[in-house]
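K.L.:
Numbering (our numbering), first residue to last: 1066 to 1197.
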């Protein structure tokens, strides 16, 4: 049985640490890991550490927390690569839709070949919680 590599990304598209950015922590607190352990092996890789978010829009891109989004994509990509290197199946749980940008970045600028034996959306958003 393949081990699940649980990775949490506490973020939201509003550039704050409130709301759905708290979903990964809440899911752990209510027993997500224990529930998964009833069905498979789980290695919890913790939370991706992100810079303090900003609710300000970038004047050029018009994106909220432009620099935070770049950090999110880079750090999630690196963390998922590590999970795959360990032979685990990545289960990435995020707070919001910016997590989906990781998938696009992985496809456009992969650091190394990634063998994908399942639908790509499952790689990054087997569970993605979003209010949008």
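Glycine included, each C-beta is placed from N, C-alpha and C at the ideal position.
Fair warning: this is a prediction, and the values are worked out from it, not measured in the lab.
#1: At the level of alpha carbons, what is the spacing between residue 1085 and residue 1161?
#2: If you drop the 5 nearest sequence neighbours on each side, which residues of the same chain put their C-beta closer than 7 Å to that of residue 1092?
#3: I need the straight-line Cα distance from residue 1146 to residue 1067, nearest angstrom please.
#4: Could you have a look at residue 1152 and say whether DSSP puts it in helix, strand or coil?
#5: Run the CB neighbour count on residue 1076, radius 10 Å, all protein chains shown included, and call it buried at 16 or more, exposed below.
#6: For residue 1143, which of helix, strand or coil comes out of DSSP?
P.N.:
Put simply:
#1: In the chain shown, residue 1085 corresponds to position 20, counting from 1. In the chain shown, residue 1161 corresponds to position 96, counting from 1. Here the alpha carbon of residue 1085 sits roughly 6 Å from the alpha carbon of residue 1161.
#2: The residue you call residue 1092 lines up with position 27 of the chain shown. Excluding residues up to 5 positions away in sequence, 1158 lie with their Cβ nearer than 7 Å to the Cβ of residue 1092 in the same chain.
#3: Indexing the chain shown from 1 puts residue 1146 at position 81. Indexing the chain shown from 1 puts residue 1067 at position 2. One C-alpha to the other measures close to 16 Å.
#4: Along the chain shown, one-based indexing puts residue 1152 at 87. Of the three classes helix, strand and coil, the one that applies to residue 1152 here is coil, per DSSP.
#5: Position 11 of the chain shown, counting from 1, holds the residue named residue 1076. With at least 16 other beta carbons inside 10 angstroms of its own, residue 1076 counts as buried.
#6: Taking the chain shown and counting its residues from 1, one reaches residue 1143 at position 78. In the three-state reduction of the DSSP assignment, residue 1143 falls in the helix class.
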